[in-house]
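Below is one structure, written out as structure tokens, with a few remarks after it.
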Amino acid sequence: MSRFAVLLRGVNVGKANRVPMAEFRAMLEALGHSDVKTLLNSGNAVFTSIRRGTDKLADEIGAGLRERFGVTTPVVVKSASELQAIVDGNPIVPPEAEHGRFLVAFAMAPDRLTALESLRPLLLPGERLAVTAHAAYLHCANGLLESRAGEALLGKVGKGVTSRNWGTVIKLAALV
Numbered sequence: 011m012s013r014f015a016v017l018l019r020g021v022n023v024g025k026a027n028r029v030p031m032a033e034f035r036a037m038l039e040a041l042g043h044s045d046v047k048t049l050l051n052s053g054n055a056v057f058t059s060i061r062r063g064t065d066k067l068a069d070e071i072g073a074g075l076r077e078r079f080g081v082t083t084p085v086v087v088k089s090a091s092e093l094q095a096i097v098d099g100n101p102i103v104p105p106e107a108e109h110g111r112f113l114v115a116f117a118m119a120p121d122r123l124t125a126l127e128s129l130r131p132l133l134l135p136g137e138r139l140a141v142t143a144h145a146a147y148l149h150c151a152n153g154l155l156e157s158r159a160g161e162a163l164l165g166k167v168g169k170g171v172t173s174r175n176w177g178t179v180i181k182l183a184a185l186v
């Protein structure tokens, strides 16, 4: 049995893509996973499973979301060790006061992360971007709402990824 984190892109933001977290937990349990816990209301969960392939897990969860909620969205699944490697491999560890201004982008396919290099020309003074094989890290020094790179990450450029602020990533790592 292994622990995993699942992150959904763009759920429960505005009126579209509504996924009630209690029902999301129930859906994950119905798929055969156990010890399911959700974090916040933005499509984060951790669970235990006998299955090991993150690609297959992501596909199954995506199918469940479409069937149960009518929601089609990118689903990213990371094993506990993958999530810990993302935390440990952070090249721009922010101070605690900056956790809300620091985004980590997750993807199932490495080429989705590589595509985020296109954010570099959008960086404002004081902002930093690091793209690794496991995740991309963006520090929005003046806040997410003031960042052109942050806006692009949350928009079309980041369509195949999902992002979480550093505080949420730390909480997920502790749960998993």
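FYI, the numbering for the sequence shown is 11 to 186, going by the working numbering. We put the beta carbon where it would ideally sit given N, CA and C, even for glycine.
Check: Who are the Cβ neighbours of Leu123 in its own chain at under 6 Å, not counting the five residues just before and after it?; Outcome: Ala117, Val141, Ala146
Check: Roughly how many angstroms lie between the CA atoms of Glu92 and Pro104, to the nearest whole one?; Outcome: 20 Å
Check: Within 10 angstroms of the Cβ of Ile60, are there 16 or more other Cβ atoms? Answer buried if so, exposed if not.; Outcome: exposed
Check: In whole angstroms, give me the CA-to-CA distance for Leu95 and Asn54.; Outcome: A quick correction: the sequence has Ala, not Leu, at residue 95. Those two C-alpha atoms are separated by around 18 Å.
Check: Please check the pair Pro120 and Arg19, which I expect to be a contact at CB under 8 Å, by giving their CB distance rounded to whole angstroms.; Outcome: The Cβ separation is near 17 Å, so there is no contact.
Check: Suppose contacts are defined by Cβ-Cβ distances below 8 Å. Is Leu134 in contact with Asn152 by that definition?; Outcome: yes
Check: What residue does the beta strand (DSSP E) around Ala115 start on, and which one ends it?; Outcome: 112-116
Check: In terms of alpha-carbon separation, which member of Thr172, Glu156, Ala32, Ala90 lies closest to Ala15?; Outcome: Ala90
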